[in-house]
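S.K.:
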Amino acid sequence: MLLRSLTNGFQYELENNLLIFCKIRRYFTHTNYLISSCLLTLATINRYARVKQALCNGHMILYHYLCCRKITYFIVPIVIIICCLVNIHIAIYFQINTSSYNNTSSNCFAQKGTYRLFLDIFFLLFYGILPPFVTCIFGLLTVLNVRFIRRDLHPNIQKKEFQLMVMVLAHIMCNAILSLPYPIDRFYETMTINRKKNEEQVAVEALVQSIGHLLFFSNHSASFYLYILSTKGFKNEFIRAAKDVIHLICQYYSKITQF
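For the sequence shown, our numbering begins at 141 and goes up steadily by one.
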């Protein structure tokens, strides 16, 4: 809110005028998104492992370890540390450049040249392609294994199977549709940076970039709303968790007021 107020209310773009702030903000923005994508992907793998463990009746040690809470507590910090280290180049090579769409303005982005091409390829692979691809593979494998469990072991779980299929397919479609446009647009912009463009083309590309940027950073929040709308079980679990949190807050508040 503070940054928006400075930009819209006072026309002072802190990110585009202060280099150290440019580097820090872009580093944490990209790193937080990468961490979120990796953890969601790991959650999809964990969901597949749990279904596979149920299918194997706990005889496969690998799936047992993947479902173990201690392993999760061990893996999550490692993933966070790796994401922080992988994106350290952003804090080093980002700078304030002249805008590609307006030569009179500046923006905080990667250095022009080889590094920008590297960043766009890196961004396209690790932000736009790999997370949706891995999520799609393990999501579909989860659905197939649930169908196998219903057919051979538990014929009465058809309703839950349908809810899981809807949730997984909604997640896959949402992830792919919202994740891909922005990295592709960034890669296109870098590849055509030396091409002469008229004002109409510049305006269209700026609009496409803004839409892609909005979709990209709406990805994970959109998944939450899709789960709420597509599956009754997820909605009931969320309502139950919200009631538990409200109950704990009320208990804490009542203890404070007693003193």
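C-beta atoms are modelled at their ideal positions from N, C-alpha and C, and glycine is treated no differently.
(1) Name, in chain order, the residues that DSSP records as bridge partners for Ile-236.
(2) Closest to Phe-356 by CA distance: which of Ala-316, Lys-375 and Ile-333 is it?
(3) Check whether the region 251-264 touches the region 310-330, counting contact only when three or more Cβ pairs, one atom from each stretch, lie closer than 8 Å.
(4) Distance check for Thr-254 and Lys-337, CA to CA, integer angstroms please.
(5) With three or more beta-carbon pairs closer than 8 Å as the criterion, would you say the region 270-277 touches the region 172-185?
(6) Among Leu-195, Lys-163 and Asp-260, which residue has its Cα nearest to the Cα of Ile-333?
(7) Determine whether the beta carbon atoms of Ala-189 and Cys-207 lie at a separation below 8 Å.
(8) Starting from Arg-256, follow the alpha helix (DSSP H) in both directions and report where the run begins and ends.
(9) Closer than 6 Å by C-beta to Lys-163: which residues in its own chain qualify, once you throw out the five before and the five after it? Chain order, please.
(10) Scan the region 330-385 and note each continuous beta strand (DSSP E) run of 3 residues or more that stays entirely inside, going in chain order.
(11) Taking just the CA atoms, how far does Glu-345 sit from Phe-161?
(12) Which class does Leu-158 belong to by DSSP, given the choice of helix, strand or coil?
(13) For Ser-319, I'd like the list of residues in its chain whose CB is within less than 6 Å of its CB, leaving aside the five on either flank, ordered along the chain.
(14) In terms of residues, what are the limits of the alpha helix (DSSP H) holding Leu-320?
(15) Within a Cβ cutoff of 6 Å, which residues of the same chain sit near Tyr-205, ignoring the five residues on either side of it in sequence?
(16) Let's see if you can read the secondary structure: which residues bound the alpha helix (DSSP H) around Ile-201?
(17) Can you find a CB in chain B that lies within less than 8 Å of the CB of His-170?
(18) Look at the alpha carbon of Val-348 and the alpha carbon of Ala-310, and state the distance between them as a whole number of angstroms.
(19) Cα-Cα, which of Ile-218, Ser-176 and His-170 is closest to Asn-227?
M.R.: Looking at the coordinates:
(1) Cys-248
(2) Ala-316
(3) yes
(4) Rounded to whole angstroms, Lys-337 and Thr-254 show a C-alpha spacing of 22 Å.
(5) yes
(6) Closest by alpha carbon: Asp-260.
(7) Against a cut-off of 8 Å, the Cβ pair of Cys-207 and Ala-189 comes out as a contact.
(8) Judged by DSSP secondary structure, Arg-256 falls within the alpha helix (DSSP H) whose first and last residues are 254-263.
(9) Ala-231 and Phe-234
(10) none
(11) 27 Å
(12) coil
(13) Gly-268, Pro-272 and Asn-359
(14) No alpha helix (DSSP H) holds Leu-320; DSSP gives it neither H nor E.
(15) Ile-211
(16) That run of the alpha helix (DSSP H) goes 201-207.
(17) Judged by its chain identifiers, the structure shown contains no chain B, having just a single protein chain.
(18) 24 Å
(19) His-170
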